[in-house]
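Okay, so here's the structure we're looking at.
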Amino acid sequence: MVRAAIIGGSGYTGGELARILCRHPKMTIVSMTSRQHPGVKVSKIHPFLEGFVDLRFDEKLGNAMDCDLVFVATPYGASMDIIPELIDRGIKVIDLSGDYRLGDANIYRKWYGIEHKDPKNLKSAVYGIPELFRNEIAKAQLVANPGCYPTCAVLALAPLFAEGIVDGKIIVDAKSGTSGAGMEPTKTTHHPNCGANVIPYKVGSHRHTPEIAMALRKIGDAPVEVIFTPHLVPIVRGILCTCYGTLIKPIAHDDLYSIYQKFYKDSRFVRLNNIPSIPSVVGSNFCEVGYEFAGNGNLVVLGALDNLIKGGAGQAIQNANIMFGIEEEAGLDFPGMGV
717 MVRAAIIGGS GYTGGELARI LCRHPKMTIV SMTSRQHPGV KVSKIHPFLE
767 GFVDLRFDEK LGNAMDCDLV FVATPYGASM DIIPELIDRG IKVIDLSGDY
817 RLGDANIYRK WYGIEHKDPK NLKSAVYGIP ELFRNEIAKA QLVANPGCYP
867 TCAVLALAPL FAEGIVDGKI IVDAKSGTSG AGMEPTKTTH HPNCGANVIP
917 YKVGSHRHTP EIAMALRKIG DAPVEVIFTP HLVPIVRGIL CTCYGTLIKP
967 IAHDDLYSIY QKFYKDSRFV RLNNIPSIPS VVGSNFCEVG YEFAGNGNLV
1017 VLGALDNLIK GGAGQAIQNA NIMFGIEEEA GLDFPGMGV
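If you use our numbering, the sequence shown corresponds to residues 717 to 1055, in order.
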């Protein structure tokens, strides 16, 4: 069994990691940490884990240092204080913050507003969308788990960039449930303010913008420009991305479908659906992808996923499976909730 620890286990993503890992056939949780709740039973913070995870939160990393694998689910800025020591001890690490995604300290400073303290590991970290970078993930010691919005948008757009059939200017309009904002309530996420509202936020300045562009550049050779606008909608879980692009040359609907089908033929967790549905994917590690022609060479591409699973904890475990040579679907092959 792979011995795993979760650093920052008291948030939504930490809870989802534990929920999936506690039933994983080849991994076991030996430590969960929380600076806010040291010594508290994990099931007191995450009641759904009662009878499944019999641990108390550690305050420090001691037990994690004896693990094979560590999931770091801390806020950005904190991960880079923790990860260098784990890497030096030879432990495999999956970082769920944004600290290691962008690969360049200057770009990180521009979008996150702080200096990166670990540029060496920043450069060597592998960006972890399994469907696109499986071979690199298999050889990695440190995987940067992608953001929820980039996972959804990039999986929707990747076949187009791999085939070079769209120009590089992409518009991504995304809607997300409130769990994406984390466990701490804010004025924006307080139910009376968002329960009957659609709230655009970080317009033109969201940190996932360069991440989407970076991932698409890794797939194709063309320059990429991304205009990304996220919105908060009054649901708890789920993301729907609507992406707009322009075809370089005409293509038949069936030919485009064949491109998508071939691209994802070995990807268990990407499902083609003309109009992706949030209820179909919520509670699962699946991402649904669809598209429709919009006339005059324009194309609308859609993606839907659960922001906490395929956009977070599930994808992290999928990456871990690959890193340890375990079946990619292990612990993750369950359907969405449907409602």
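A virtual CB, placed ideally from N, CA and C, is assigned to each residue, including glycine.
Opposite CYS959 in the DSSP bridges: which residues? VAL888 and VAL1017
Hey, which unbroken runs of the beta strand (DSSP E) at 3 residues or more fall wholly within the stretch 924-972? 941-948 and 955-962
According to DSSP, which residues form a beta bridge with VAL788? ILE723 and ASP811
Return the chain-ordered list of same chain residues with a C-beta closer than 7 Å to the C-beta of GLU847, the five sequence neighbours on each side being excluded. LEU871, TYR980, SER983 and VAL986
GLY1054 to VAL997, Cα distance in whole Å? 7 Å
Touch check for the stretch 820-831 and the stretch 997-1014: three-plus C-beta pairs under 8 Å? no
Just checking my contact of LYS836 with MET796 at CB under 8 Å: how many whole Å lie between their CB atoms? The pair is not a contact, with the Cβ atoms about 11 Å apart (cut-off 8 Å).
For HIS947 versus LYS891, is the C-beta distance shorter than 9 Å? yes
Looking only at its chain, what residues have a beta carbon closer than 6 Å to the beta carbon of VAL919, apart from the 5 residues adjacent to it on each side? THR945
Hey, how far is the Cα of ILE692 from the Cα of THR729? This structure cannot settle anything about residue 692, because the visible part of the chain is limited to 717 through 1055.
For ALA874, is the classification buried or exposed, using 16 other Cβ atoms within 10 angstroms of its Cβ as the cut-off for buried? buried
Take the Cβ of GLY724 as the centre, count every other Cβ of all protein chains shown within 10 Å, and call the residue buried at 16 or more, exposed below. buried
Quick one: Cα of ALA1036 to Cα of VAL1016, how far? 33 Å
Return the CA-CA distance between ILE1033 and HIS762, expressed in angstroms with no decimal places. 19 Å
According to DSSP, is GLU1008 helix, strand or coil? strand
Considering only residues of the same chain and omitting the five flanking positions on each side of SER759, which have a CB-CB separation below 7 Å? LEU765, GLU766 and VAL769
In terms of residues, what are the limits of the alpha helix (DSSP H) holding SER795? 795-804
Roughly how many whole angstroms lie between the Cα atoms of GLU732 and MET743? 15 Å
Every unbroken alpha helix (DSSP H) inside the stretch 719-770 [4 residues or more]: 728-737 and 758-761
C-beta contact flag for ASP784 and THR749 at 9 Å: no
Would you say LYS903 and GLU941 are within 9 Å of each other, going by their C-beta atoms? no
From MET781, CYS959, PRO1051 and ILE798, residue whose alpha carbon lies closest to that of ASP686: With the chain running from 717 to 1055 in the structure shown, residue 686 is simply not present.
On the DSSP bridge list, what partners appear for ILE915? LEU948
Have a look at GLY793 and ASN1001 and give me their C-alpha separation to the nearest angstrom. 27 Å
Pick helix, strand or coil for ALA874, following the three-state DSSP scheme. helix
Who pairs with VAL986 in a beta bridge, going by DSSP? CYS1003
Reference GLY1006; option with closest CA among LEU956, GLY1052 and GLY1030: LEU956
Our contact map puts ILE994 next to ALA1020 with C-beta atoms below 8 Å; I'd like the distance itself, whole angstroms only. 5 Å
Measuring alpha carbon to alpha carbon, tell me which of ASP782, ASP815, PRO791 and ALA854 ends up nearest PHE839. For the sequence presented, residue 839 should be read as Lys rather than Phe. Residue ASP815 is the option with its Cα nearest to LYS839.
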